[in-house]
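Notes for the one structure printed next.
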Amino acid sequence: MRPTDLAREHGISTQAVRNYERDGFLPPAERTPSGYRIYTEAHASALRAYLALVPAYGHAPAGRIMNAVHGGALGDALTTIDRHARLLRDRDTLDAVRKAVDHLITESAPRPPEGPEVRTVGELAHRLQVTPATLRNWEGAGILTPARDPATGYRVFHAADIRDAELAHLLRRGGYPLSHISTVVQQIRQAGGTGALAAALDGWQRKLTEQGIAMLNASVQLSHYLTMLDGVPEA
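Numbering (the numbering used here), first residue to last: 11 to 245.
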């Protein structure tokens, strides 16, 4: 097989095929007396495996997996796969965030700040009927990120901080652990509100599904390639 034969199947350039060989993602190719590379079905299978690994785990991990396989370190390749198989944790996080957002939408929106736009830790604690230590605990969990008064060094809570504290207070009453609340609040900050986050969660769900399917395909392609090698490398 020629480089063009491998490239054509995947819609990539022949130079990309050469680069993949150079980087160890494909096994070394033999050469004709005139210096042309000779690729086999094993090279084609290796290329399919590498290109399937990329959407499943990312470019760098895919390269490390193929390097380990070709270096006779199958155990290292499998360890890399295990380290990046985080879908279950991501699905659990998605489920926790979705339930928390549903809880926020069902219960009530945070109250708009009343009185001064900037609160001290004592004032905010009084507003929420919690202790200042509770607010400092929420800050330690990453839920709150108050600024500091440049003159005194004391914590000051602006409107966005007050909103986040209201969200945390509502979710704590709902029984959610601080780790989940921190994730939800950070996602709401990035999305710009609970409504926007609820819509964004659908996109997150689609990405997790696509990655799960990509991981299945990568497993099939890598397994097929391993069976073509002259003996599976020792782990």
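Backbone N, C-alpha and C define an ideal beta-carbon position, used for all residues, glycine too.
Spatial distance of residue i from residue j (CA atoms)
i, j, result
"Tyr67", "Arg182", "35 Å"
"Lys217", "Ala87", "24 Å"
"Leu232", "Ala52", "11 Å"
"Pro65", "Ala106", "25 Å"
"Ala210", "Arg199", "12 Å"
"Glu17", "Gln25", "First, the residue type needs correcting, since residue 17 is Ala and not Glu in the sequence shown. In a straight line, the C-alpha of Ala17 is about 9 Å away from that of Gln25."
"His136", "Ala151", "20 Å"
"Gly185", "Gly34", "51 Å"
"Asn77", "Tyr235", "13 Å"
"Gly205", "Thr155", "22 Å"
"Asp100", "Asp92", "14 Å"
Exposure of residue i, with buried meaning 16 or more beta-carbon neighbours within 10 Å
i, result
"His191", "Correcting the residue type first, residue 191 is Ile in the shown sequence and not His. That one is buried."
"Asp171", "buried"
"Val131", "buried"
"Gly73", "buried"
"Gln197", "buried"
"Ala228", "buried"
"Glu31", "buried"
"Pro160", "exposed"
"Val230", "exposed"
"Thr90", "buried"
Beta-carbon proximity of residue i to residue j, cut-off 8 Å
i, j, result
"Tyr49", "Ala39", "yes"
"Phe167", "Val194", "no"
"Ala36", "Leu57", "Reading off the sequence shown, one finds Leu at residue 36, where the question assumed Ala. It is a contact, given that the beta carbons lie within the stated cut-off."
"Leu134", "Ala175", "yes"
"Leu97", "Gly222", "yes"
"His94", "Val140", "no"
"Ala54", "Met11", "yes"
"Arg173", "Arg165", "no"
"Arg28", "Pro13", "yes"
"Leu188", "Ile153", "yes"
"Ala248", "Val111", "A query on residue 248 cannot be resolved here, the shown segment of the chain reaching from 11 to 245 and no further."
Three-way DSSP call (helix, strand, coil) for residue i in this model
i, result
"Arg199", "helix"
"Ala157", "strand"
"Arg58", "helix"
"Arg12", "coil"
"Ile48", "strand"
"Thr89", "helix"
Closer than 8 Å to chain B by CB, residue i
i, result
"Thr24", "Absence of chain B from the displayed structure is noted, only one protein chain being present."
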